[in-house]
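Chains as they are written, first to last, in the numbering used here: chain A, 30 to 408; chain B, -8 to 386.
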Amino acid sequence: MDFALTDEQRALDDAVRSYLRDRFGPSQVRAVYEDPAGDGDPAELWKAVGEQGWLAVLVPEEYDGMGLGLLDASVIARAFGAGTVPGPWLGTVLAAEAVRLAGSPDQHKSWLPRLASGELRGAVALHRPGSSPVPANAPATAGAGKLSGQLQLVEYAGGADILVVAAADGIYLVDPKATGVSLTRCESLDRTTRTWTVDLDGVTGEKLEASTPDVLQDLIDRAAVLVASDLVGIARKALTETVEYDKTRVQFGKPVGSFQAIKHDLADLHVMVTMAEHATTYAAYAVDADLPDKALAVSIAKSKAADTARKATSDMIQYHGGIGYTWEHDAHFYFKRAKRLEYAYGDAAQHRERIASVLLDGAVDQGHLQTDGSEMSVG
Amino acid sequence: MDLAYTEADEEFRKELRTWLDANLPQEMRRPEFWADKSDAEQFKIRRDWEADKAKAGFAGIQWPTEYGGRGGTPGMKAIYDREMALASAPTTVNPLGLAFLAPTVMHLGTEEQKKTIIPELLHNKTIWCQGFSEPGAGSDLAALQMKAEKQGEEYVVNGQKIWTTNAMHGDKIFTLARTGPSEGSRHAGISMLLIDMKQPGVEARPLKQMSGASEFGEVFFTDATCPVTEVLGGEGNGWQTAMLLLSFERGSSAIGQYTEFRKMWDEVARAAQKTDRDGSPAAQDPVLRQKLAEQLVDLECLKYHSWHILTSTSKGKDLGFEASMTKLMWSETFRNLSDVYSDVVGPAFQVAGQPGVSRQELTTMALWSRSCTIWGGSSQVQRTIVAERVLGLPR
């Protein structure tokens, strides 16, 4: 029994965090925040993300990738959440995942190496934002190979070289510059991303040949795990920053962190964050190992991470007092990013409903006590 | 990441299952078996069954063989906890002795104490009570008042203990008493005495709990005696001994608790499928679905956490104050789950055990869960520990 990251995964975590500490810290994040008209995609950061292999983790080695798993990508996502890192990392990783999971060998060959290196940037529209994260809620319609529909809140669509668009009959690759594609910038509250509305009007797409509803669900679940990991990274960082501040901020002649009202709330938050960390770790592992309870594990992780990041970022503002509500303090970076990701790929309530449908709408025994990977034989 | 147990651990699981198949009758695994038996009858059945289990080698799983233990791995202990819960095996009658006294004795007991206390405990020849709380010393343990005065070769003990689990069944009690002056510190002058409860100066009285059962009681000491040799950890060192004792995480794995509560969740879910609410099953009510799922999330997190604990202990890491987080987590989750049970059955919660409406054992658990956020350090005490010792917030 070894429920922990490997040495290699810890080294990856160290590498990402030390890069961010040295090269892309709060002041660089703030520069992106203060430039809302900019592309939100600092060139030096993107170059590093490509060079370090952080886009290549899930790409097979034969396509110049690292051939690692979702748990490794989750480690990066967690560190990016802690650093409120902007840029099209997630969209590009998910675009490559779409190609890897649903593409033909030719499609692998033509797209994966360039997505893995960062030469190409990807953006994805896998389900209608706000709808339940299932294939039935694909955002585009397709008829005779032509895609139509309005894709909302597509992150980094403006700078993307390729759009991955889910339609009722499959997953498509769309060239953002193709005829019939129009992009409209919309300002996001969270400025560690850039969002676009993409209108498709009879656009010719390239269908990913092996796409099925199951593959699309898998893709959405992978997205949910990476978003949950980002949220967990945000939550832990928000807690740590708050604890450090409350150790030194003095009121009534004492550090405010010595007051029981604050202590007890932060203790509860620490428990929540720890559980959310466990849950995202297990969900990533369950997807990698294709365990029978992976759908359950993903929904547990996303709902727990969303609830936890909400509390952590709210507490961060509250327990910093007035300074926490100012623009000059970083607390709002965490709060706004958490708010964006809370609702991405299914919110907490939608994921709880999925848990209920798995466990309440049939025999309760289904998955009963068998949901730990080690004991599948237990009856 | 590897969630498999070792081959040796899995071999142990097989062996334990085989023994349970042969020695734990199906009827004993059902709640109805226990329903019509008195506290005393239940206690005797559990005591005897557990002694047989110890004889077969399934006790003290991680303890050294020289003291009658099995010398097993943390993985075996986790498997033991899980399999016992899966099989609905009777719970131990010696919980405080097993969880707290034995590890403390192994750490700082004399050789004589190790050899006499531990094997008798394992085989239920001696049932141990814990005498810490007093009417004026609950969460604030250092406020304890019980006095032990040295007279020749023995202490003469006067005072009262309360919330004593198994008070009516206890043979001996490990208890804290003031044997010397406080000398400016409330923690000074305390000793941990091992007192024989079967003597005229010790009187145990049951306390009836809100569940109707009497698992705990009060113990009165009136000129009770205790040989001066029956001190654990040395005279005057009682506070340090108690702190060491309390640091032993219950069973060192949360997997047994998870398994028990997950079974409860399954039962609550079944109750929701059977309970009518406006013409359809309560399990279809969107609000109840959210609540049930929310509890399932926390339960599964408890399972992951138990793996984390097992991973740490297998690597020889000391859990330290993380144990407070575990206690807080499982006890609060258990209490929340029991509230969802009452939400599911609604007004029928009042008629525990009405066939097809509510379930006696779930009601019993719902009431019992109210105690779990209090005993062993209340949730508020645990939060303070987590905040100060884990997060490092100032006192």
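Virtual Cβ for every residue (Gly too), placed ideally from N, Cα, C.
- Boundaries of the alpha helix (DSSP H) around Tyr274 (chain A): Pro242 to Thr277.
- Inter-residue distance for Tyr92 (chain A) and His137 (chain A) is about 8 Å (C-alpha atoms, whole angstroms).
- Excluding its 5 nearest sequence neighbours in each direction, Arg278 (chain A) has C-beta neighbours in its own chain below 7 Å: Pro284 and Val285, listed in chain order.
- Neighbours of Glu285 (chain B) in chain A, taken as residues at a C-beta separation under 7 Å, are given in chain order as Arg381.
- Buried is the label assigned to Ala273 (chain B), since at least 16 other Cβ atoms lie within 10 Å of its Cβ.
- For Gln121 (chain B), the enclosing beta strand (DSSP E) has its first and last residue at Trp119 to Gly122.
- With fewer than 16 other Cβ atoms from the protein chains shown falling within 10 Å of its own Cβ, Cys215 (chain A) counts as exposed.
- Per DSSP, Leu49 (chain A) is one residue of the alpha helix (DSSP H) stretching across Asp36 to Arg52.
- Using a Cβ-Cβ distance cut-off of 8 Å, the region 76 to 88 of chain B and the region -2 to 18 of chain B are in contact, since at least three pairs of beta carbons, one from each stretch, lie closer than that value.
- Close partners of Asp(-7) (chain B) in chain A (Cβ separation under 8 Å): Met30 and Asp31.
- Gly229 (chain B): member of the alpha helix (DSSP H) spanning Gly229 to Leu237, first to last residue.
- When secondary structure is reduced to three states using DSSP, Ser271 (chain B) falls in the strand class.
- Rounded to the nearest angstrom, the Cβ distance from Leu180 (chain A) to Ala154 (chain A) is 4 Å, consistent with a contact under 8 Å.
- For the region 85 to 134 of chain B, the full-length alpha helix (DSSP H) segments reaching 4 residues or more read 93 to 99 and 102 to 113 along the chain.
- Minimum Cα-Cα distance from Thr354 (chain B) among the listed residues B:Val210, B:Val377 and B:Phe325 corresponds to B:Phe325.
- In this structure Thr220 (chain B) is exposed. Its beta-carbon is surrounded by fewer than 16 other beta-carbon atoms within 10 angstroms.
- Shown here, Trp10 (chain B) sits in a helix according to DSSP, grouped into three states.
- In this structure, DSSP gives Arg21 (chain B) a state outside helix and strand, which the three-state scheme calls coil.
- With the criterion set as a beta carbon lying under 9 Å from some beta carbon of chain B, the region 349 to 368 of chain A has no members that meet it.
- Short of 6 Å from the beta carbon of Ala312 (chain A), and not among the five residues preceding or following it, lie these beta carbons of its own chain, in chain order: Val254, Ala326, Val327 and Ala330.
- DSSP lists B:Lys152 and B:Ala195 as the beta-bridge partner residues of Val210 (chain B).
- For the region 122 to 199 of chain A, the continuous beta strand (DSSP E) assignments of 3+ residues that do not extend past its boundaries occur at 151 to 154, 170 to 172, 175 to 184 and 191 to 196, in sequence order.
- At a cut-off of 8 Å, the C-beta of Arg374 (chain B) has a neighbouring C-beta in chain A.
- Contact check between the region 159 to 167 of chain A and the region 215 to 235 of chain A: fewer than three CB pairs, one atom from each, fall below 8 Å, which does not count as touching.
- The Cβ of Met320 (chain B) sits closer than 8 Å to at least one Cβ of chain A.
- In the displayed model, Asp230 (chain A) falls within a strand according to three-state DSSP.
- In terms of Cβ geometry, Gln17 (chain B) and Trp25 (chain B) do not form a close pair [threshold 8 Å].
- For Met(-8) (chain B), there is no enclosing beta strand (DSSP E), since its DSSP letter is neither H nor E.
- Not one beta carbon of chain B lies nearer than 8 Å to the beta carbon of Ser343 (chain A).
- The Cβ atoms of Leu167 (chain B) and Val222 (chain B) lie no closer than 8 Å to each other.
- Using beta-carbon distances, Ile329 (chain A) counts as an interface residue toward chain B, with a partner under 8 Å.
- In the DSSP assignment, Thr213 (chain A) falls within the beta strand (DSSP E) that extends over Val210 to Cys215.
- Asp187 (chain B): not part of any alpha helix (DSSP H); member of the beta strand (DSSP E) spanning Ile181 to Asp187, first to last residue.
- His307, Ala308, Tyr311, Tyr314, Ile329, Ser332 and Lys333: these are the residues of the region 307 to 340 of chain A whose beta carbon lies less than 7 Å from some beta carbon of chain B, given in chain order.
- Under DSSP, Asp31 (chain A) forms a beta bridge with B:Asp(-7).
- Only residues of its own chain outside the window of five on either side were considered, and among them Gly59 have a CB closer than 6 Å to the CB of Pro110 (chain B), listed in chain order.
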